[in-house]
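Novice:
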Amino acid sequence: MDFGRLGVWCSTDRLDAAGLRALLKRVEGKGYGTLWYPESRGHESVALAGFLLANSTKLVIGSSIANIYARDAFTARRALATMNALHGGRFALGLGVSHIPMVEGLRGHHYDKPIPAMRAYLDGMAKGGGAALEGPVLLAALGPKMLALAAARSDGAVPYNVTPDHTKQAAEILGPGKVLAVEQKVCIEPDKARARALGRKELARYMTLPNYVNNWLRLGFSEAELADGGNDRFIDAMVISGDAEAVKTGLRAHFAAGATHVCIQPVTEDGDTGHRDAMLAALADT
């Protein structure tokens, strides 16, 4: 499956049908290869994939990520097969263990240890049919153990909230022939204080989640740098900002570090689709 050099990551829960169609038109029209979407508190992942595939023509549609606690492994495999059979082989299944509040607090499940839980899920998918899966499966891998599992048992990884240093480490662990589709938040905004304020607002939801915090500490950020919404060095690393050329330079650093695909997440004021679309237009030739 050809993901293209660049993709777009969008928090689709904020969009209704008309908004989703407008996003698809913009992303596909600007030549991006893949549209990635999460599974949080709104749209259900597989149903949304069907809508996105039905309303696009060339885009690869990728879940980033589908929560393994939301459907059993057999169902996930059948979803992968169904989407690709009905929509011309354009669906990639990104899987993740999610976070304790989303699993225990929201869904009422027990949150198991991430590596054994994902390994068991992949085992379950393997039992659901022949040896070869019906499309690419990628793991939301941050730490070295999950990246090693992605290398051994999947087509690659979809890291989120990471830096080029992490991309370099991930590429080394995954090895050749694997997809490394890295999400990167961007904000084309010459006013650095405004860009950082938008970044802090966007990142606030992640700052209390241990999976991300632990990975940031592994990457060399200190607890002090993560306190009170994150200091400037941390925010600048998570959200590349400045003019279009500065942002492009930051995106290219991921490719230099070994990414095979970078998915851009525009950071804007809530509902500012004009700023979002202007950024997608400006960065499409990165």
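Residue numbering for the sequence shown follows my numbering, starting at 4 and increasing by one per position.
Ideal placement from N, C-alpha and C gives every residue a C-beta, glycine not left out.
1) When DSSP labels each residue in this structure, what does LEU145 get in the three-state scheme?
2) Are ARG80 and LEU125 close, meaning C-beta to C-beta below 7 angstroms?
3) For GLU186, does the three-state DSSP call read helix, strand or coil?
4) Under 7 angstroms between the Cβ atoms of LEU177 and ALA154?
5) Tell me, please, which residues DSSP counts as bridged to ASN70.
6) ALA88 by DSSP, collapsed to three states: which one?
7) For ARG29 and PHE94, what's the separation of their Cα atoms in angstroms?
8) Relative to the C-alpha of LEU183, which residue among VAL165, GLY53, ALA82, ALA198 is closest?
9) Tell me HIS264's beta-bridge partners as DSSP assigns them.
10) Roughly how far, in whole angstroms, is the beta-carbon of VAL189 from the beta-carbon of ILE238, given that I think they are within contact range, below 8 angstroms?
11) Measuring only the C-alpha atoms, how far is VAL216 from VAL265?
12) Measuring alpha carbon to alpha carbon, tell me which residue in GLU192, ASP194, ALA144 is nearest ALA174.
13) Specify, as a first and last residue, the run of the beta strand (DSSP E) that LEU9 falls within.
14) Using the beta-carbon count (16 or more within 10 Å), is SER67 buried or exposed?
15) For SER101, is the classification buried or exposed, using 16 other Cβ atoms within 10 angstroms of its Cβ as the cut-off for buried?
16) Output the boundary residues of the alpha helix (DSSP H) element that contains TYR40.
17) Comparing C-alpha positions only, which one of ALA240, GLY22, ARG279 sits nearest to LEU51?
18) Output yes or no for whether 7 angstroms exceeds the beta carbon distance between GLY45 and ASP16.
19) Using 8 angstroms as the Cβ pair cut-off and three pairs as the minimum, do the region 277-286 and the region 200-214 touch?
20) At what residues does the beta strand (DSSP E) containing GLY274 begin and finish?
Specialist: Reading off the structure:
1) coil
2) no
3) strand
4) yes
5) GLY99
6) helix
7) 19 angstroms
8) VAL165
9) ALA184
10) Between ILE238 and VAL189 the Cβ distance is about 13 angstroms, and since that is not below 8 angstroms, they are no contact.
11) 22 angstroms
12) ALA144
13) 9-12
14) buried
15) buried
16) TYR40 -> not in any alpha helix (DSSP H); beta strand (DSSP E) instead, spanning 37-40.
17) GLY22
18) yes
19) no
20) Where GLY274 is concerned, there is no enclosing beta strand (DSSP E), given that its DSSP letter is neither H nor E.
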